[in-house]
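Right, one structure below, let's go through it.
Residue numbers (UniProt numbering): 1 to 1137.
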């Protein structure tokens, strides 16, 4: 369109003026649409543009019931103020009570609004609860009532808030209806907890509102809503984004291809949270809204997010309350009605903060104030554009004019304005809605009550849902084609009858049976063959023990192996010559290793220095060319963990022997606890079995499936009397899933506060919410997916990231550090990085399977069902090498502190017996206890060269010991530390041992690491592994390692942070509020009668003189179609200035 095509000549103008019926001509302006600006005349006939654009406020609350009161602006006064500011359409919210009919509430709102509105409007509908009745009413609203958007809340428990499982169902239903799901993103449960604590501290003023709703509450909830909506493939609209970090969450999601739209509001673009600290109570209360205003600088960042397209719309969340209404919370900030003004000031504020500041241009201004909203809610191009056939909603904008915003001059029905005193460049000179001039060139506001129209918003907006359809096609996954499984299938019922799940299977004498593999094609010995047996037997047990192995020269000369002067005894002094040590590997310790001699007596190091003097009877190991590491500490082991009544394939003895053979001398074993049973009794059972059978040293971490006062008392007993190192919690949302174990938000906070008081580190696996994953798994299974690869379809890595973000937020509120175990995905890594950057005391640990399986090629995508099933884990092990490399990089840089085994050995027959036809029942876990060090060395040091020996030791030994406060007794080679030693020969030629039980798939099969394993392992001064094989294994006995609370490595910074936060949150000293207070018991005042409309009557038009204008004067010739103004039906009017 060019100016010549829309210009109207003088002769044609006089013709229309002589026949002015519903016609209007705007001359000499610049038309601004979202895509371009151009000079043009605009001609309007019957309210339709034939040949600049009214604003759409996407978020208002007129006469809304809230917190015991009603917002002061009704549909008449509110829409009248909107028109005064250049907004020609609003989208308001139907606000039903919890448990009521959303359809009836809609009808009531329509009845109220239709008789009052002065401009066009549409309606969103809030869904405060979700059940079958709501599902049916949503269908009616979309199909018959012209509603295409529904809003849910993550805030306001017991009033509006939906639990996560309900949110997911809500998103699924919106997707089916073609509706837009809106969300108020704040963590409601955490806010409620913080409010209670602040009130107890005596913080009752408006500042308490901001303190109780920190930025991270909004950020976490925003990320969670995005994840749930994405899982349902439902477009998401995040209302009133107030935090720059929340805006970044939306930006990141959009870059990942997720369909999410963000809305900024005028208040967040032009004011900040410093007002909550104002000494005047009324002033501070006037800014109370949710989410609250943020710190200075956020406003510019939000405007830039609009400029870059990361946020797309601007609303106001206009919901005003007068001073006496705000005063309902004068003694308790929780009772202050939430809401601020903006519907009249939005256009000027956005122009001032965006265009005048140079962040956006006029086209972008039109896009974010009108066009984008029209496209999103499927009313474009009827609204949001100046074009032939579009509604004649026009604003003649004077970019040079200025005004000072003030409550004394605005049209909003409230005695306060949050933009008070702000000078704005750019004001509406003339406002036209549906062809009616409602603001003339003199600034006179001329409106008629009830003249606005309801605008239906059709479903399946092309702007949004065209992308949904494309994503549906991309998400049509295919099952992995594999041959039928023909291996053993265990009858679980029979197997369980023969196994006591509370005790370890006893180990008998050696049977003489060893793992064997056939010879190679050339007849040579298969180097994968091993003489290692998990029951400790060796092929040479019947042969007398050789006390010295001569390889080159005996003592007095060179030797590269074990050489002693007398028979080995457990209490013999031991000396290691010429080794390279990495005893002090710290989080960022990259110093080169040093040559030193080691000497230990009575299981503790006595000397570490060069050229130690020897005396008679000292056992000597020559370790030239080898590394000597402190014994490995496995921070995440699950020996004999028959969770879900699934029998495991090893016992404490066999599993601990495999750990020793792999270089791990201490394990932190997780004690499984059945829901409802005593965690103390579970501890006693496993402690008794481990004392009798475990061959390596061990500490214990207790799994806590549920939290209650009784459980809390047991936790206190275990931490103080039994010295357990940790408590493990699985996070889940909501309380409606009694069959799914885990702790909800309230329980997590209580449990972590208890851990903080005990000085015990809590751990949380970075797994998705089981309540939600269970819902998704049912949908996936019902679609015909049954194989192990289906776990990818169920557990998006965003669920793992949400758990990290959410639990880290709860931990910060509790003043407690937290360790996230089994960090397996890029998304959870990113979430962990974000929490660390935000100052959270959070730590991360990954599992060796997440690193080694992609390198070995064994993942759930494997064509062999047995191998694919053996890699099923929670959270899933990603198949991409890029993920494994990223995990290694985080280990190398210390962002992931530790690498655990997450060992849980399940026989293939057991997996097939329960999960062959249903992926949901495949037991999770891998047999990795004996391979942890070797796989990390192979992948991280040799293949990728991302780790050096110091970083390697930090990840497998030192950092785990520090995390659980058993350092420097464990995890360090130093005088006084336990003499747990691994002699590591990078040039070893030893055969690779079999480190998994019979019938269990090796997840690392194909990853050859024969030269990446310990040659000698020493446990508390006793040689337990020699030349890669166990020695004197039947006499090995581990010890229980106690942990004292409040380790400095974990709790040192926590104490400082807690003291800083306590000092920063304090009440503002101000004079008590002494103004009026609204009486909620009194009946609500009726809306004042509408003022006389200022529309001209027909006779005024007929008698209007035709006066010629002097040259250069500007005219607006209007003809306006109205409803029925006072005086009777009128079709048009014309006036001359």
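Beta carbons: idealized from backbone N, C-alpha and C, even for Gly. This structure is a prediction, so every number in the text was calculated from the model and none was measured.
Output the boundary residues of the alpha helix (DSSP H) element that contains residue i.
| i | result |
| --- | --- |
| residue 852 | 848-856 |
| residue 467 | 462-474 |
| residue 934 | 932-936 |
| residue 861 | Unbroken run through residue 861: none, as it is neither H nor E. |
| residue 283 | 281-285 |
| residue 78 | 75-84 |
| residue 207 | 207-212 |
| residue 366 | 362-366 |
| residue 102 | 102-114 |
| residue 307 | 298-307 |
| residue 1144 | Lying before the first or after the last residue shown, residue 1144 is absent from the chain, which here runs from 1 to 1137. |
Tell me residue i's beta-bridge partners as DSSP assigns them.
| i | result |
| --- | --- |
| residue 64 | None, per the DSSP bridge assignment. |
| residue 57 | 90 |
| residue 322 | Beta-bridge pairing links residue 322 to no other residue. |
| residue 909 | For residue 909, which the question treats as bridged, DSSP gives no partner whatsoever. |
| residue 727 | 702, 762 |
| residue 836 | Residue 836 is not bridged to any residue. |
| residue 630 | 981 |
| residue 263 | 313 |
| residue 412 | Looking at the DSSP assignment, residue 412 forms no beta bridge with any residue, so it has no partner. |
| residue 125 | 94, 150 |
| residue 37 | 32 |
| residue 120 | 89 |
| residue 755 | Answer is none; residue 755 lacks a bridge partner. |
| residue 436 | 433 |
Between which two residues does the beta strand (DSSP E) carrying residue i extend?
| i | result |
| --- | --- |
| residue 254 | First-last for residue 254: 244-255, but that is the alpha helix (DSSP H), not the beta strand (DSSP E). |
| residue 424 | 423-433 |
| residue 236 | 236-238 |
| residue 670 | 664-671 |
| residue 402 | 394-404 |
| residue 883 | Here residue 883 belongs to no beta strand (DSSP E); instead the alpha helix (DSSP H) covers 881-893. |
| residue 619 | 619-622 |
| residue 961 | Run containing residue 961: none in the beta strand (DSSP E); it sits in the alpha helix (DSSP H), 959-963. |
| residue 900 | 898-900 |
Pick from the options: whose alpha carbon is nearest that of residue i?
| i | options | result |
| --- | --- | --- |
| residue 357 | 370, 423, 924 | 423 |
| residue 675 | 743, 733, 244, 962 | 743 |
| residue 957 | 636, 875, 184, 101 | 636 |
| residue 876 | 310, 425, 925 | 925 |
| residue 106 | 144, 131, 72 | 144 |
| residue 176 | 749, 1026, 468, 953 | 468 |
| residue 677 | 658, 688, 706, 670 | 706 |
| residue 248 | 88, 685, 308 | 308 |
| residue 313 | 56, 87, 953, 95 | 56 |
| residue 31 | 122, 258, 385, 211 | 385 |
Just to check my reading of the structure: residue i and residue j have Cβ atoms closer than 8 angstroms, yes? What is that Cβ distance to the nearest angstrom?
| i | j | result |
| --- | --- | --- |
| residue 766 | residue 800 | 5 angstroms |
| residue 729 | residue 760 | The pair is not a contact, with the Cβ atoms about 12 angstroms apart (cut-off 8 angstroms). |
| residue 376 | residue 461 | 6 angstroms |
| residue 690 | residue 702 | At roughly 13 angstroms, the Cβ-Cβ gap does not stay under 8 angstroms, so residue 690 and residue 702 are not in contact. |
| residue 225 | residue 236 | 6 angstroms |
| residue 746 | residue 164 | That pair is no contact at about 14 angstroms. |
| residue 232 | residue 168 | 6 angstroms |
| residue 664 | residue 373 | Not really, about 59 angstroms apart at Cβ, beyond 8 angstroms. |
| residue 773 | residue 804 | In fact, because the Cβ distance is near 15 angstroms, the residues do not count as touching under 8 angstroms. |
query = What residue ranges within the segment 1003-1089 form continuous alpha helix (DSSP H) runs of no fewer than 4 residues, ordered along the chain?
reply = 1048-1064
ask   = What are the start and end residues of each continuous alpha helix (DSSP H) run of 4 or more residues lying completely inside the segment 677-718, in chain order?
value = 679-693, 709-717
request  = Enumerate, from N- to C-terminal direction, the unbroken beta strand (DSSP E) stretches of 3 or more residues contained entirely within the segment 757-828.
outcome  = 761-765, 818-821
task = Mind listing, in chain order, the continuous alpha helix (DSSP H) runs of no fewer than 4 residues lying wholly within the segment 144-183?
result = 164-177
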